[in-house]
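Novice: So the number in the numbering used here is just where the residue sits in the sequence shown, counting from 1, plus 34. For each residue, glycine too, the CB sits at the ideal point set by N, CA and C.
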Amino acid sequence: MGIKRGSITTPIIADGLILNIDAANRASTLPESNITTVFNTAGDLTTSGSVNNEYDMWEGPTTASFAFDTGDYIGLNKSMSELLTSDSPFSLSAWIKFPQAYNFVILGNEDSESNVLEFSHYSDSNFMTLSLNSTNSTVNIGSVQPNPSINKWWNLVWVLEIVGSTKTYKAYVNGQFGGSNSISTSYTLPTSDSIIGDGKIFSGTTGDLNIANLQLYNIALNSNYVLHNYNALKSRFE
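#1: Which residues bound the alpha helix (DSSP H) around Asn265?
#2: Output the distance between the C-alpha atoms of Asn68 and Leu110, rounded to the nearest integer angstrom.
#3: Considering only the alpha carbon of each residue, which of Ser168, Ser154, Val260 lies closest to Tyr206?
#4: In angstroms, rounded to a whole number, what distance separates the CA positions of Ser216 and Tyr203?
#5: Return helix, strand or coil for Ser168, following the three-state DSSP convention.
#6: Return the bridge partner residues of Lys131 from the DSSP annotation.
#7: Closest to Ser226 by C-alpha separation, out of Leu126, Ile52, Val150, would be which residue?
#8: Would a C-beta distance cut-off of 8 Å place Phe8 and Asn244 closer than the cut-off?
#9: If you reduce the DSSP assignment to three classes, tell me which class Glu116 lands in.
#10: DSSP beta-bridge partners for Val85?
#11: Within its chain, find whatever has a CB closer than 8 Å to the CB of Ser82; leave out the 5 residues flanking it on each side and keep chain order.
#12: Which residues does DSSP list as the beta-bridge partners of Tyr251?
#13: Report the residue from Leu164, Asn54, Phe138, Glu147 whose alpha carbon sits nearest the alpha carbon of Ser115.
#14: In terms of residue numbering, what span does the beta strand (DSSP E) encompassing Tyr203 cover?
#15: Grab me the residues of Ser269's own chain with a C-beta within less than 6 Å of its C-beta, minus the 5 sequence neighbours each way, in chain order.
#16: Pull up the distance between the alpha-carbon of Thr169 and that of Val139, whole angstroms please.
#17: Which residues mark the beginning and the end of the beta strand (DSSP E) in which Val197 is found?
#18: Between Leu190, Tyr221, Thr119, which lies nearest to Gly212 when the distance is taken from Cα to Cα?
#19: Express the C-alpha separation of His262 and Leu194 in angstroms, rounding to a whole number.
#20: Strictly by DSSP, which residues pair up with Tyr156?
#21: Short of 8 Å in beta carbon distance, which residues of its chain neighbour Asn252, apart from the five on each side in sequence? Order them along the chain.
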């Protein structure tokens with residue numbers, strides 16, 4: 035099924051979609067360089083984000099995206115505890131482009147937060163790793179993509195699947211399953227406002243991290259849904 039917001043049709047999975055921010059959607063951000071605010075187009079439409087430190091963040095119109103360098107971020111007006119439910123499944127999908135050797139958070143929380151939930155990514159010339167950092171654990175899926183190309187668009191997906199008492203973290207890259215790890219502990223959701231593109235922990239070579247769009251779900255996307263979303267948007271990045 036698809037959703038339609040503003041002036042474009044976005045044929046991604048709508049079930050469980052609670053946060054959808056897309057630099058190519060005029061309902062999410064006006065297509066201009068000096069942006070100050072971005073808007074959610076799914077679920078609670080009062081959710082929005084303030085652009086911090088870099089007001090010429092929007093890049094377009096070809097493959098529209100938000101460009102983050104050190105210290106840049108979008109601060110949402112909602113915390114993870116307002117968006118999700120503790121010890122429940124969730125998924126995050128994002129289209130990103132990065133320079134080599136970067137460690138960064140795609141979606142996270144304020145540094146002062148004691149209860150964290152961060153979707154992060156590390157890459158160098160040898161491998162790409164997706165990580166899920168929660169209150170009681172950090173779970174890594176190593177080498178989900180060997181020898182990743184830099185300055186290329188990637189679709190990265192983090193999934194927390196819960197079946198009975200078993201929690202399983204899964205990672206996908208460009209619609210393909212990358213690996214999984216079990217999580218034995220519960221987690222507590224952050225109460226501070228969420229942050230997109232947290233530039234405060236960048237390390238690496240020069241160049242911007244670009245995020246074209248991201249979707250947060252309150253369900254665990256299965257492999258068919260992940261592949262559907264990848265195929266629905268990949269033509270924008272080829």
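Specialist: With the structure as the only source:
#1: 257 to 267
#2: 18 Å
#3: Val260
#4: 6 Å
#5: strand
#6: Asn244
#7: Val150
#8: Residue coverage of the chain in this structure runs from 35 to 272, which leaves residue 8 outside it and unanswerable.
#9: helix
#10: Ile108
#11: Thr71, Val72, Phe73, Asn74, Leu110, Asn111
#12: Leu51, Ser125
#13: Glu147
#14: 200 to 207
#15: none
#16: 15 Å
#17: 188 to 197
#18: Leu190
#19: 18 Å
#20: Asn137, Thr163
#21: Gly50, Ile52, Leu117, Leu118, Thr119, Ser122, Pro123, Phe124
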